[in-house]
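Contents: one structure, followed by commentary.
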Amino acid sequence: MNDYLDDAKEELKRVDHQIYVSLKYTRTVDVLLNVMNRMIEAYDFMFDGLLEFSKEKKIITDLPKTPKEKATVLKTQYSEAIVHENIDLFLLLRKLVKTGYERENEFRRHVTMITYIDGQQEIINIDIITQYYHMQREFLQHLEKVTE
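Throughout the sequence shown, residue numbering follows numbering that gives the first Met the number 0, covering 0 to 147 in sequence.
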């Protein structure tokens, strides 16, 4: 369990650097995409750790393989709002990375990635990705408390 959380911490260190250093100086949608990919990797580690913890506590019997199965199992086993919010964010990030997107204001402070998911416009910029990062940090702290 701790190995998974340690790996998640390492990924979040990279996300932190990309947000506060790379995005600050580069300001491109490619960096935003890279940040989202790192966040997805960190979520993978966190969810694997939480599933491993659930298996050790005999809450679940076997570990799901695909990310959607993992999300479904975790949503049914854990009722805390923070878990559900972060699972939803994880699924949103996966969709954002996989769909086509438009670039706006590249090389400017308000660099924006615009995409459409299920007919709804989604906008990702520095402020939004930073907010998502802080949500993810809180979730990691929550997992560390839960799994002590």
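Where a beta carbon is used, it is the ideal one built from N, C-alpha and C, also for glycine.
As the structure is a computational prediction, the values presented were derived from the model and not from experiment.
**OP:** Verify whether the separation of the beta carbon atoms of Ala7 and Met45 is less than 9 angstroms.
**Re:** yes
**OP:** Can you have a look at Ser78 and say buried or exposed, based on whether 16 or more other CB atoms are within 10 angstroms of its CB?
**Re:** exposed
**OP:** Please report the residue range of the alpha helix (DSSP H) in which Tyr132 lies.
**Re:** Ile125 to Val145
Subject >> Rounded distance between the beta-carbons of Ile39 and Leu50, thought under 8 angstroms >> reply: Leu50 to Ile39, Cβ: 16 angstroms. No contact.
Subject >> Inter-stretch contact (C-beta, 8 angstroms, three-pair minimum) for the region 28-39 and the region 95-111 >> reply: yes
Original post:
In the structure shown, what three-state DSSP assignment does Glu121 receive?
Top reply: strand
**OP:** Classify Arg93 as helix, strand or coil using the three-state DSSP reduction.
**Re:** helix
Original post:
What do you get for Glu137, buried or exposed, if any count of 16 or more other CB atoms within 10 angstroms of its CB means buried?
Top reply: exposed
Original post:
For His109, which residues of its own chain have a beta-carbon under 7 angstroms away from its beta-carbon, when the five flanking residues on both sides are left out?
Top reply: Asn124
**OP:** Between the Cα of Phe89 and those of His16, Phe106, Gln76 and Glu68, spot the shortest distance and give me the residue it belongs to.
**Re:** Glu68
Original post:
What residue does the alpha helix (DSSP H) around Pro39 start on, and which one ends it?
Top reply: The sequence given here has Ile at residue 39, not Pro. Element bounds for Ile39: Val28 to Glu55.
Subject >> Spatial distance of Glu10 from Tyr3 (CA atoms) >> reply: 11 angstroms
**OP:** Below 8 angstroms CB to CB, which residues in the same chain sit around Arg107 once its five sequence neighbours on both sides are set aside?
**Re:** Arg26
**OP:** Express the C-alpha separation of Glu101 and Gln140 in angstroms, rounding to a whole number.
**Re:** 34 angstroms
Original post:
Which one or two residues does DSSP pair with Tyr115 in a beta bridge?
Top reply: Gln120
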